[in-house]
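Scroll down for the structure; my scribbles are underneath it.
Number of protein chains: 2
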Amino acid sequence: MTEIKIMPDPRPRTRKPGRHNRRALRTRAKLLEAARTLFTEQGIEMTSIDDITRRADVGKGTFYYHFTNREEIVKDLIDWVIEQLLAVIDETCRDSTDLKTALEGVIKAHVTFFSNRWEDFVLFFQGRSELTIEQSYEGIETPFLKYLERVEEILERFIYRKLPAPVMRRIACAVVGLVSGYYSFAAIESLDDSVDLTIASLREAMVASLMRFIQEASIQPGPETLPAAAG
Amino acid sequence: MTEIKIMPDPRPRTRKPGRHNRRALRTRAKLLEAARTLFTEQGIEMTSIDDITRRADVGKGTFYYHFTNREEIVKDLIDWVIEQLLAVIDETCRDSTDLKTALEGVIKAHVTFFSNRWEDFVLFFQGRSELTIEQSYEGIETPFLKYLERVEEILERFIYRKLPAPVMRRIACAVVGLVSGYYSFAAIESLDDSVDLTIASLREAMVASLMRFIQEASIQPGPETLPAAAG
DNA sequence: ATTACATATGACCGAATCGTCATAATAGAC
DNA sequence: GTCTATTATGACGATTCGGTCATATGTAAT
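Chains as they are written, first to last, in this note's numbering: chain P, 1373 to 1603; chain A, 1373 to 1603.
Laid out in structure tokens, this is it:
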């Protein structure tokens, strides 16, 4: 169980944003923390507002004072998780000198982040699962797109032959899909501790294959990216 | 939208299993098909029994005649999807002659399967997401474990130096995590058609590096797999 | 103390949901 | 046709849920 220090910001409500240690912020944080752990325990959709307010030990009306509905708190939490993940990725890749170290950095950042934050991985993964549903929360894909774009951005620094956007997107999908896909499966068993060790050796293999993939893609943009292929 | 020919079997209820084309089987199939598409549209947890019976155009009691609750139909469907996927994997890997073709076969099988069955991928992925939740359907991990074991089994045929079970498990996680992880992310954008093409070139790279990884692992089992690392 | 504003509360309502059950419809055996 | 086991039904009760609102409490400024 990881402690959370900073919680996602509320929408500005008054002219004095965080001037004083308003109790509202603490209450909001209690609600977010309760939701975060409950989502991990029961799943997002199985968690009712009553569950959240009960766990946070506040009245039900209080929830609706801070959030308009469950959709909002879900989106706030996912936004926040991805923001934190992006911060770690940026930090880890800051000193990258080439494509190889950048790829390694991205993968390493995911491992670092998720191995210390199981709840957040569950949130991330459940959010991603929502993306596959036709009628899911509106705009829930936004933080994930931002996340993909950031990864593309980092890799692009070291790819001198500029690749078409769809190709870059697929590369980013491959990188993050690979990491989180592996993680989610490895988590079926309680390999928790050894996941980090294993992925370290697997990482090399991943980096190698991704690099080869990128190199091939950058030599041959591929006729399949023509608009004719869309449909 | 893919048509389903065969649906998961009901628990035997009478002495005459499928002797006649009992209408019960057709009704059951209607319910399963309705659930399958609804789960894709709305998500498993957001779909009520009423939704299912309304879509299947049967009375509500009929649902409870065929299934004890939603948990049962969910598990039946996931069992069934994984069974179908395994069949395709077996078929594709039947003629594998070495590790390389076996790995290629496994990945190719996933692509073949999922590219024609979006609903089933969503089911698969949502089921996997449920695995990360503490209180999810009891025993829902069983089909996924079977699936991992089968993949290990196929690869093991061509690995002559026997690897420790945890290492094999991780390799299997990497293979299937990659495919489904990539797929799920690629699905954020409507790249549907080009996903297959892209993953084809990624496949080569992945196969090459996984082979290297397996070869290295089979030479050096690694001290990190000692029981001391558990805990 | 008083005033003004921000924050918190839980009773309450209507809608939705789960699961049951007595009854009805159907199909096959005779 | 009659009889019997199987299959299907939807009204029903109990419960839970999302969301509202009038009211209460806390807090900072004067």
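Think of the CB as a built atom: it goes at the ideal place given N, C-alpha and C, for glycine as much as any other residue.
Since we're looking at a predicted model, the values are computed, not measured.
Original post:
Do you know offhand how far Ile1376(A)'s Cα is from Leu1582(P)'s?
Top reply: Legend: pLDDT at Ile1376(A) = 46, less than 50; position of this residue unreliable, value from coordinates given subsequently. Their Cα atoms are separated by approximately 36 Å.
**OP:** May I have the straight-line CA-CA distance separating Tyr1437(A) from Thr1425(A), to the nearest angstrom?
**Re:** 12 Å
Original post:
Just how far apart, CA to CA, sit Ser1501(P) and Val1446(P)?
Top reply: 13 Å
**OP:** Identify each residue in the region 1458 to 1485 of chain P for which the Cβ-Cβ distance to at least one residue of chain A is less than 7 Å, and report them in chain order.
**Re:** none
Subject >> N- and C-terminal bounds of the alpha helix (DSSP H) containing Ala1406(P) >> reply: Arg1395 to Gln1414
Subject >> Own chain partners of Ala1428(A) with C-beta closer than 6 Å, once the 5 adjacent residues on each side are dropped >> reply: Lys1402, Leu1403 and Ala1406
**OP:** Return the chain-ordered list of same chain residues with a C-beta closer than 7 Å to the C-beta of Val1551(P), the five sequence neighbours on each side being excluded.
**Re:** Ile1479 and His1482
Subject >> Residue from Ala1537(A), Asp1470(A) and Ser1487(A) with nearest C-alpha to Phe1530(A) >> reply: Asp1470(A)
Original post:
Does the distance from the CB of Cys1465(P) to the CB of Ala1459(P) come in under 8 Å?
Top reply: no
Original post:
Can you list, in chain order, the residues of the region 1508 to 1519 of chain P whose Cβ is nearer than 8 Å to any Cβ on chain A?
Top reply: Ser1508, Glu1513, Phe1516 and Leu1517
Subject >> Cβ-Cβ separation, Tyr1555(A) to Ala1546(P) (assumed contact under 8 Å), whole Å >> reply: So it is not a contact: roughly 10 Å between Cβ atoms.
Subject >> Simplified DSSP state of Glu1521(P), which is helix, strand or coil >> reply: helix
Subject >> Asp1462(P): first and last residue of the uninterrupted alpha helix (DSSP H) it sits in >> reply: Arg1442 to Cys1465
Original post:
Quick one, are the C-beta atoms of Glu1491(A) and Thr1440(A) less than 8 Å apart?
Top reply: no
Original post:
Which residues mark the beginning and the end of the alpha helix (DSSP H) in which Lys1534(P) is found?
Top reply: Looking at the DSSP string, Lys1534(P) is not in any alpha helix (DSSP H), and its letter there is neither H nor E.
Subject >> Residues, ordered as in the chain, of the region 1545 to 1562 of chain P that lie near chain A by beta-carbon distance below 8 Å >> reply: Cys1545, Ala1546, Val1548, Gly1549, Leu1550, Val1551, Ser1552, Gly1553, Tyr1554, Tyr1555, Ser1556, Phe1557, Ala1558, Ala1559, Ile1560 and Glu1561
**OP:** Out of Gln1456(A), Ser1420(A), Gly1415(A) and Thr1399(A), state which residue places its alpha-carbon closest to the alpha-carbon of Val1430(A).
**Re:** Thr1399(A)
**OP:** Say whether chain P places a C-beta atom closer than 8 Å to the C-beta of Ser1501(A).
**Re:** yes
Original post:
Between the region 1572 to 1594 of chain A and chain P, which residues of the former have a C-beta closer than 7 Å to a C-beta of the latter?
Top reply: Ser1573, Leu1574, Ala1577, Met1578, Ala1580, Ser1581, Leu1582, Arg1584 and Phe1585
Subject >> Length of the line joining the Cα atoms of Arg1395(P) and Lys1432(P) >> reply: 17 Å
Subject >> Cβ neighbours of Leu1457(A) in the same chain (closer than 6 Å, five flanking residues each side left out) >> reply: Phe1485
**OP:** Following the continuous alpha helix (DSSP H) through Gln1507(P), name the residue where it begins and the one where it ends.
**Re:** From DSSP, Gln1507(P) is part of no alpha helix (DSSP H); its letter is neither H nor E.
Subject >> Three-state class that DSSP yields for Gly1433(P) in the structure shown >> reply: helix
**OP:** Please list the residues of the region 1417 to 1447 of chain A that have a C-beta atom closer than 8 Å to any C-beta atom in chain P, keeping them in chain order.
**Re:** Glu1417 and Met1418
Original post:
How big is the Cα-Cα spacing for Ile1505(A) and Ile1586(P)?
Top reply: 35 Å
Subject >> Beta carbon of Ile1512(A) nearer than 8 Å to that of Ile1450(A) >> reply: yes
Subject >> Where Arg1500(P) falls: helix, strand or coil (DSSP) >> reply: helix
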